[in-house]
RNA sequence: GUGGCCGUAGCUCAGGCGGUUAGAGCACCAGGUUGUGGCCCUGGAGGUCGGGGGUUCGAGUCCCCUCGGCCACCCCA
């Protein structure tokens, strides 16, 4: 292991320029979609008392085996967030904001898993949570936001699947119904699924194993057991989606991995992703979660969407290409560096994006750097300009060049940005 | 956690059966133009062949271990 260079921990990635420009644009797009709907940004700790996350469901894989948990130096048992919702709910319980409380977040999330395409140990989620109303129109609002975010990115090959888990009582009764049904068909299930029957009967429903699917096809259907109130709720959601012009399919076997969901659950899947991980955004209603974290009975609904997977989908559909923001002006200095140092500062303070080369390189090298920077305009200062109190402006696309008084530089650059050509900047001097 | 494939310069890749100083393209740097980019030409820098151990006269090439990547299961964003 001698001299083995450090690298990102397994299942994590660095996001560097120019790719990071895409992340910025993605988050900006998301923010504009949800803030338009009245959602405010929440920042919070990346780790919580482990109890906060255990409320996601003691039987879930995320809680049982994927949490990055540890004891800190004070003996507190804490965990890195494995998802966004529980922390938001904890914040709600702690601060008791007025309802409806509509917030959004952008956060890394951590799960100890075997990495593969679209699955990392640290990935990043954008999400919203809306607490304090059980109005199904809020479910619709949240789903529409996620849909419109994908649309804003240019994604087209996205399918929406929805289901209802009913009230907490419905969910419990249904789990019992499925369990007793499966008990009689144990022999027909795949061995792996057999073990889930007692602890986690609903998980068997979305098993991909053919033999299990044959069994679950005949299992009691959630939608047949829903209470009247839950059915009304679910129908209102469907009507709202239809009214928003959003296509969806109802899949009675859609069971999400976290136990807190009640009523509406939904998943957006990218058809452009052939990987096993094609869910790019998912969520649902969680009417019992606030209470289980010590708050007053408060309904809630929200979703999370993985940035990495969404970007993978964008790649697959060849949409949402983002150009990194280039500087506008590049200063080349042959006088020892004073001009580069002072002019870039002056330009930047005037609100103009400017860059320069360092280390007293040849003009050729500096021009090359100017070209690479993407700047439209180069400012050249050599001994000649210095002596005359002028600077040379060069349009890097047309190669037009002129000289202007140094004192006039800011005005000239502003005029150039306003659309004037370099030649028209009228310093009077001929190109040298 | 289980199984399969893979790991050579910053990037994409060559390196027949193990055999002398490990190559190319792109990118980077310098020169060709005593003060000028994008094209072209020339040159340069950059690698303990993921890491460790073993077999052998000799290993990038074979074996073992390990780390990492990809894929499937599982799970999920």
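Numbering (our numbering), first residue to last: 3 to 434. By construction, the Cβ of each residue, glycine as well, lies at the ideal position given by its N, Cα and C atoms.
Of all the options the options, which has the alpha carbon lying nearest to the alpha carbon of residue i?
i	options	result
residue 361	343, 355, 378, 34	343
residue 119	351, 395, 275, 325	275
residue 326	19, 12, 336	19
residue 184	39, 383, 151, 215	215
residue 167	205, 83, 410, 146	205
residue 218	286, 186, 400	186
residue 90	77, 254, 57, 265	57
residue 399	377, 82, 154	377
residue 209	44, 170, 257, 43	257
residue 304	69, 389, 73, 88	88
residue 384	338, 298, 278	338
residue 68	54, 115, 76	115
residue 381	93, 81, 335, 422	335
residue 237	54, 141, 306, 178	141
residue 224	248, 253, 202	253
residue 314	297, 292, 272	272
residue 373	247, 396, 349, 423	396
residue 297	148, 98, 21	98
residue 100	81, 121, 82, 135	135
Given a cut-off of 8 Å on the beta-carbon distance, is the pair residue i and residue j in contact?
i	j	result
residue 172	residue 244	no
residue 408	residue 392	yes
residue 13	residue 124	yes
residue 260	residue 176	no
residue 2	residue 127	This structure cannot settle anything about residue 2, because the visible part of the chain is limited to 3 through 434.
residue 132	residue 302	yes
residue 359	residue 352	no
residue 322	residue 357	no
residue 181	residue 194	no
residue 415	residue 379	yes
residue 17	residue 107	no
residue 324	residue 27	yes
residue 111	residue 86	yes
residue 286	residue 300	no
residue 32	residue 162	no
residue 375	residue 329	yes
residue 295	residue 54	yes
residue 152	residue 270	yes
residue 246	residue 147	no
residue 188	residue 196	yes
Over the uninterrupted beta strand (DSSP E) stretch that includes residue i, give me the two end residues.
i	result
residue 87	No beta strand (DSSP E) contains residue 87, which is instead part of the alpha helix (DSSP H) from 87–97.
residue 81	79–82
residue 39	Taken as a continuous stretch (DSSP letters only), residue 39 belongs to no beta strand (DSSP E), as it is neither H nor E.
residue 2	Nothing in the structure corresponds to residue 2, since the chain is present only between 3 and 434.
residue 397	392–397
residue 358	356–358
residue 199	That residue, residue 199, is in no beta strand (DSSP E); its alpha helix (DSSP H) goes 198–201.
residue 307	302–308
residue 383	379–383
Where does residue i land, buried or exposed, given buried means 16+ other C-beta within 10 angstroms?
i	result
residue 24	buried
residue 34	exposed
residue 411	buried
residue 251	exposed
residue 212	exposed
residue 109	buried
residue 104	buried
residue 42	exposed
residue 11	exposed
residue 198	buried
residue 165	buried
residue 430	Note that residue 430 has pLDDT 47, beneath the 50 cutoff, so the model's placement of it is unreliable and the number below is only indicative. It is exposed - the Cβ of residue 430 has fewer than 16 other Cβ atoms within 10 Å.
residue 289	buried
residue 138	buried
residue 434	Note on residue 434: pLDDT 39, under 50, position unreliable in the model; the coordinate value appears next. When all chains shown are included, residue 434 counts as exposed.
residue 49	buried
residue 312	buried
residue 421	exposed
residue 79	exposed
residue 220	exposed
Grab the span of the alpha helix (DSSP H) containing residue i for me, first residue to last.
i	result
residue 346	340–351
residue 171	170–185
residue 55	52–56
residue 329	Unbroken run through residue 329: none, as it is neither H nor E.
residue 215	212–218
residue 65	63–66
residue 2	It is not possible to answer for residue 2, since the shown part of the chain is limited to 3 through 434.
residue 415	411–419
(request) Tell me the start and end of each unbroken alpha helix (DSSP H) in the region 228–285 that is at least 4 residues and wholly inside, in chain order. (result) 230–245
(request) Could you name each continuous beta strand (DSSP E) segment of 3 residues or more that falls completely within the region 127–168, going from the start of the chain to the end? (result) 160–166
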